[in-house]
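Here the structure comes first, spelled out in structure tokens, and everything after it is commentary.
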Amino acid sequence: MPVLIYKNKTYELQVSGGKPEFRKVIENFKKGVDLIIYYSGTAGTFQPVEVVRAIIIDRKTGESLGDFPYEYKIDNGKGFPQPKWKSDDKKISIEDETFDIKKDIQLPK
Numbered sequence: 135m136p137v138l139i140y141k142n143k144t145y146e147l148q149v150s151g152g153k154p155e156f157r158k159v160i161e162n163f164k165k166g167v168d169l170i171i172y173y174s175g176t177a178g179t180f181q182p183v184e185v186v187r188a189i190i191i192d193r194k195t196g197e198s199l200g201d202f203p204y205e206y207k208i209d210n211g212k213g214f215p216q217p218k219w220k221s222d223d224k225k226i227s228i229e230d231e232t233f234d235i236k237k238d239i240q241l242p243k
């Protein structure tokens with residue numbers, strides 16, 4: 135499985151078809167967490183969809199709090215249902231109808 139090293143920690147990357155590629159880090163996305171954004175590949179045959187994922191990292195411990203779809207890119211002129219990321223002072227909520235994900239990630243204290 136492909137991995138990425140960030141701040142001396144190793145994180146496994148999800149593969150959606152093709153070779154994953156690092157895109158960027160969003161530092162301090164919310165209190166105490168960074169996001170590692172990466173391209174995980176292209177899924178589908180009839181309408182290929184580029185899958186971009188985000189690993190939620192606890193800044194203090196370096197531990198992964200989860201790896202979730204962040205964005206889908208499709209070149210059909212119509213768009214594609216996007217993952218919904220919402221956050222407040224206590225949690226990050228991710229909803230993704232494509233993969234039937236509804237998850238709350240508690241922010242570090």
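Quick note on numbering: our numbering labels position 97 of the sequence shown as 231, and the sequence is numbered without any gaps. In this text, a Cβ means the ideal position worked out from N, Cα and C, and glycines have one as well.
* **Environment of P217 [buried if 16+ CB atoms lie within 10 Å]** => Start at 1 with the first residue of the sequence shown, and residue 217 comes out as number 83. With 16 or more Cβ atoms within 10 Å of its Cβ, P217 is classed as buried.
* **Best match in A177, Y204, R187 for proximity to G152 [C-alpha to C-alpha]** => Numbered from its first residue, the sequence shown carries residue 152 at position 18. Comparing Cα-Cα distances from G152 to each of A177, Y204, R187, the minimum goes to A177.
* **Residue environment, S227, which counts as buried when at least 16 other CB atoms sit within 10 Å** => Position 93 of the sequence shown, counted from the start, is the residue given in the question as residue 227. S227 should be labelled exposed.
* Using the rule of at least 16 other Cβ atoms within 10 Å of the residue's Cβ for burial, across every protein chain shown, is D238 buried or exposed? -> If you number the sequence shown from 1, residue 238 lands on position 104. With a threshold of 16 other beta carbon atoms within 10 Å, D238 falls short and is exposed.
* Integer-rounded CB distance, given that E184 should sit under 8 Å from K220 -> Here residue 220 refers to the residue found at position 86 when the sequence shown is read from its first residue. Here residue 184 refers to the residue found at position 50 when the sequence shown is read from its first residue. About 23 Å separates the CB atoms of K220 and E184; that is not less than 8 Å, and the two are not in contact.
* Is the Cβ of F163 closer than 8 Å to any Cβ of chain D? -> Among the chains in the structure shown there is no chain D, since it carries only a single protein chain.
* Asked: What first and last residue would you give for the beta strand (DSSP E) that runs through N162?
  -> Walking along the sequence shown from the start, residue 162 turns up at place 28. Per DSSP, the continuous beta strand (DSSP E) segment holding N162 begins and ends at 155-164.
* Asked: What residues match up with P203 in a beta bridge as DSSP calls it?
  -> Locating residue 203 in the sequence shown gives position 69, where the first residue counts as 1. According to DSSP, P203 bridges with R187.
* Helix, strand or coil at Q148 according to DSSP, with G and I counted as helix -> Within the sequence shown, residue 148 is the residue found at index 14, counting from 1. Q148 carries a coil assignment under DSSP once its states are collapsed to helix, strand and coil.
* So K220 is in the beta strand (DSSP E); what residue range does that whole segment cover? -> Stepping through the sequence shown from its first residue, residue 220 is reached at position 86. The continuous beta strand (DSSP E) containing K220 extends over residues 218-221.
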